[in-house]
Each structure stands twice: as C-alpha cells, then as structure tokens.
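Colleague: The following block contains the structure, expressed as structure tokens.
Numbering (our numbering), first residue to last: 8 to 142.
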C-alpha cells in the first residue's frame, strides 16, 4: 500500500504562495473579461456588428483580444461606466420624487374625513390633523 498522503507540513510555503498568486491572477483575469464584455454591451455608439466582432475577438483569442481592447478602447471605459452610474442615479432620484410626492391638500382632507366617518379618527384627532394640513 502506497502511503503518499500529503499533510500540511509537506506543502512548502512558497508553493502555497504561488497557488494563492495564481488564484488571484485567475480571478483578476475573470473580472477583466467580464468588465470588457459589459463595456462592449454598454457602449451605445457601436453598432451590433462591431460588438459581435469584438466579442468574437475576446472569446477566440482572449489574452490578445483583452489586451487590444484595453489599449484601443480602455480610456473611455471609465467614462461610459460613470455615465451609466449617473443615468441610474437620475432614474432612481426621479422614481423617489414621484413616489414621495404628497397628495394635494384636498385629497388629504377627503381621506381624513373618510377615516373620521369610519370611526378610525375621533373629532379631536380629525381637527388636529386638519389644522396641521391647512397650516
């Protein structure tokens, strides 16, 4: 029976360092590829054929394709990402403004009177809320 079991102390520290380094570089490579692919689809100035060619180049020859893409179009990647972040923030802000928009005072008075008619609000609470609303 061959007992070639590797324990933790059989693995050299330099080997562990290189393993961690290769994993780090692999994750960094995947992040770069995904950012390039997202940037290809994010750019609205490129037409579909050019996007398809870039994608083929990136998929068929990944190292050269990524290097060429970063050299040729890398400067504007940050600008496109910043522009998209601004557009998302503006859309979010307009959504918040629209949903947080308060109803008109007449609608609020109508709602208060309905609550009073149902018995949810007492006469005193109704008068207080009405004074706040009209103030």
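Glycine included, every Cβ here is placed at the ideal spot set by N, Cα and C.
Between which two residues does the alpha helix (DSSP H) harbouring residue 69 extend?
Modeller: Here residue 69 refers to the residue found at position 62 when the chain shown is read from its first residue. Where residue 69 is concerned, the enclosing alpha helix (DSSP H) stretches over 69 to 107.
Colleague: Please classify residue 65 as buried or exposed, where buried requires at least 16 neighbouring CB atoms within 10 angstroms.
Modeller: Numbered from 1 along the chain shown, position 58 holds the residue referred to as residue 65. Label assigned to residue 65: buried.
Colleague: Rounded to the nearest angstrom, how far is the Cβ of residue 58 from that of residue 47, given a contact under 8 Å?
Modeller: One-based indexing of the chain shown puts residue 58 at position 51. One-based indexing of the chain shown puts residue 47 at position 40. Yes, they are in contact, since the Cβ atoms of residue 58 and residue 47 sit about 5 Å apart, within 8 Å.
Colleague: If you run the structure through DSSP and keep just helix, strand and coil, what is residue 52?
Modeller: Your numbering for residue 52 matches position 45 in the chain shown. Reduced to three states, the DSSP call for residue 52 is coil.
Colleague: Would you kindly work out how many angstroms separate the C-alpha atoms of residue 62 and residue 31, rounded to a whole number?
Modeller: For this step, residue 62 is matched to residue 55 along the chain shown. For this step, residue 31 is matched to residue 24 along the chain shown. In a straight line, the C-alpha of residue 62 is about 24 Å away from that of residue 31.
Colleague: In whole angstroms, give me the CA-to-CA distance for residue 102 and residue 19.
Modeller: Locating residue 102 in the chain shown gives position 95, where the first residue counts as 1. Locating residue 19 in the chain shown gives position 12, where the first residue counts as 1. So the alpha carbons of these two residues sit roughly 57 Å apart.
Colleague: Buried or exposed: where does residue 78 fall if 16 or more other Cβ atoms within 10 Å of its Cβ makes it buried?
Modeller: Your numbering for residue 78 matches position 71 in the chain shown. Under this definition residue 78 is an exposed residue.
Colleague: Can you round the beta-carbon distance between residue 123 and residue 133 to whole angstroms, since I take them to be within the 8 Å contact cut?
Modeller: The residue given as residue 123 occupies position 116 in the chain shown. The residue given as residue 133 occupies position 126 in the chain shown. With 8 Å as the limit, residue 123 and residue 133 qualify as a contact, their Cβ atoms being about 4 Å apart.
Colleague: What are the boundary residues of the alpha helix (DSSP H) that residue 11 is part of?
Modeller: As a working note, residue 11 is residue 4 in the chain shown. First-last for residue 11: undefined, no H or E at that position.
Colleague: According to the neighbour-count rule (16 or more other Cβ atoms, all chains shown, within 10 Å of its Cβ), is residue 98 buried or exposed?
Modeller: Looking up residue 98 in the chain shown gives position 91. Per the 10 Å Cβ criterion, exposed.
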